[in-house]
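K.L.:
Please read through the structure below; I'll follow up with questions.
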Amino acid sequence: MDPVATSVILVHGAFADGSAWSRVIPLLQAQGLEAIAVQNPLTSLDEDVAHVQRAIDRAKGPVVLVGHSWGGAVITQIGNQDKVKALVYVAAFAPGVGQSPNDTLKPFPPSPGLSSVSMDRAGYLHLSAESLAANFAQDVPAAEAALLAATQGPVHAGCFRTRVTAAAWEHKPSWYVVASEDRMLPPTFLRATAERIGARTVEVGASHIPHASRPDAVAAVIIEAAGAR
Numbered sequence: 001m002d003p004v005a006t007s008v009i010l011v012h013g014a015f016a017d018g019s020a021w022s023r024v025i026p027l028l029q030a031q032g033l034e035a036i037a038v039q040n041p042l043t044s045l046d047e048d049v050a051h052v053q054r055a056i057d058r059a060k061g062p063v064v065l066v067g068h069s070w071g072g073a074v075i076t077q078i079g080n081q082d083k084v085k086a087l088v089y090v091a092a093f094a095p096g097v098g099q100s101p102n103d104t105l106k107p108f109p110p111s112p113g114l115s116s117v118s119m120d121r122a123g124y125l126h127l128s129a130e131s132l133a134a135n136f137a138q139d140v141p142a143a144e145a146a147l148l149a150a151t152q153g154p155v156h157a158g159c160f161r162t163r164v165t166a167a168a169w170e171h172k173p174s175w176y177v178v179a180s181e182d183r184m185l186p187p188t189f190l191r192a193t194a195e196r197i198g199a200r201t202v203e204v205g206a207s208h209i210p211h212a213s214r215p216d217a218v219a220a221v222i223i224e225a226a227g228a229r
């Protein structure tokens with residue numbers, strides 16, 4: 001592995017922002033990897049893709065794209081370009097061409113977390129502090145869950161209805177972190193998604209945000225992807 005030459009671009013999901021990766025970033029930097037956490041607006045697939053593209057453009061070398069939750073749809077759409085060497089999905093969506101995230105979820109029962117989402121008059125979804133603590137990040141300290149609730153990024157509901165027009169996992173080596181205690185996306189959905197895309201799969205006993213509760217395990221998967229030839 002030549003970690004100095006590789007950049008890792010971390011794409012957060014719904015109900016989060018770039019600071020959600022704060023425990024993983026130092027572990028990547030300790031391996032000589034450049035880590036870039038984007039701040040997606042969560043307004044649309046196109047807008048989020050544009051933010052990630054700017055990060056790819058300024059990266060110093062080959063890129064590993066890491067997508068959490070909704071961020072998985074973003075890296076699926078944008079990841080098939082020469083500069084991207086690998087994809088890492090963290091409890092994430094990975095639609096096929098012509099599919100939306102909602103389409104991929106249809107065969108699975110509603111989760112406790114998604115069933116508790118609220119929508120405002122502008123069509124943006126958010127989680128109450130109570131639901132976030134119980135369903136999104138139930139394995140982090142209460143003070144940290146409260147901070148996640150305060151900094152969460154509301155996501156436009158239309159994001160989940162948007163169909164991708166490209167599927168980078170068809171062309172790029174992919175890794176997948178299954179969060180076995182996920183209460184936002186059902187673990188059965190996560191396992192099925194990882195199998196469908198043919199990813200190298202690592203299962204972690206964690207909530208929907210394993211990069212906060214099990215950063216060592218998530219960082220290890222990213223480092224493995226960065227070192228792959």
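Letter by letter, the sequence shown follows residues 1 to 229 in full-length UniProt numbering. Just so it is clear, CB atoms sit at the ideal spot from N, CA and C, and this is done for glycine as well.
With a 10 Å radius around its C-beta and 16 neighbouring C-beta atoms as the bar for buried, classify residue 183 as buried or exposed.
P.N.:
The residue in question, residue 183, is buried, as its Cβ has 16 or more Cβ neighbours within 10 Å.
K.L.:
Thinking C-beta only, is residue 204 closer than 9 Å to residue 180?
P.N.:
A contact, by the Cβ cut-off of 9 Å.
K.L.:
Under the DSSP definition of a beta bridge, which residues are partnered with residue 201?
P.N.:
Bridge partners of residue 201: 176.
K.L.:
Using the C-alpha atoms, what's the distance from residue 91 back to residue 177?
P.N.:
Approximately 6 Å between the Cα atoms of the pair.
K.L.:
The beta strand (DSSP E) with residue 34 in it runs from where to where?
P.N.:
Note, residue 34: beta strand (DSSP E), 34-37.
K.L.:
When we look at the beta-carbon of residue 172 and count the other beta-carbons within 10 Å, is it buried (16 or more) or exposed?
P.N.:
Residue 172 comes out buried.
K.L.:
With a Cβ-Cβ cutoff of 9 Å, do residue 212 and residue 144 count as a contact?
P.N.:
Yes, they are a contact pair.
K.L.:
Quick one: what's got a C-beta closer than 6 Å to residue 140's C-beta in the same chain, skipping five residues either side?
P.N.:
Here the set comprises 212, 213.
K.L.:
With 16 as the cutoff for other CB atoms within 10 Å, does residue 97 come out buried or exposed?
P.N.:
With fewer than 16 other Cβ atoms within 10 Å, it is exposed.
K.L.:
Measure the beta-carbon distance from residue 64 to residue 38 and round it to whole angstroms, keeping in mind my assumption that it falls under 8 Å.
P.N.:
So it is not a contact: roughly 13 Å between Cβ atoms.
K.L.:
Taking the beta carbon of residue 165 as the centre, do at least 16 other beta carbons fall within 10 Å, making it buried, or is it exposed?
P.N.:
The residue in question, residue 165, is exposed, as its Cβ has fewer than 16 Cβ neighbours within 10 Å.
K.L.:
Among the residues of its own chain, which have a CB less than 8 Å from the CB of residue 26, if the five just before and after it don't count?
P.N.:
Excluding positions up to five away in sequence, the list is empty.
K.L.:
Which residue comes first and which comes last in the beta strand (DSSP E) that contains residue 7?
P.N.:
Element bounds for residue 7: 7-11.
K.L.:
Of the residues 112, 128, 122, 148, which one's Cα is nearest the Cα of residue 209?
P.N.:
Cα-wise, what sits closest to residue 209 is 148.
K.L.:
By the three-class DSSP mapping on this structure, what secondary structure does residue 125 have?
P.N.:
Note: residue 125 maps to strand in three-state DSSP.
K.L.:
Can you list, in chain order, the residues of its chain with a C-beta nearer than 6 Å to that of residue 5? Leave out the 5 residues immediately preceding and following it.
P.N.:
Excluding residues within five positions, the ones whose Cβ falls inside 6 Å are 61.
K.L.:
Report yes if the CB atom of residue 219 is closer than 9 Å to the CB atom of residue 28, and no otherwise.
P.N.:
Yes, these two residues count as a Cβ contact at 9 Å.
K.L.:
Report the partner residues of residue 119 according to the DSSP bridge assignment.
P.N.:
Residue 119 pairs with 125.
K.L.:
Can you give me the start and stop residues for the beta strand (DSSP E) that residue 66 sits inside?
P.N.:
Its beta strand (DSSP E) spans residues 63-68.
K.L.:
Flag residue 170 as yes if its beta-carbon sits less than 9 Å from any beta-carbon of chain B, otherwise no.
P.N.:
The chain inventory of the structure shown lacks chain B, comprising one protein chain alone.
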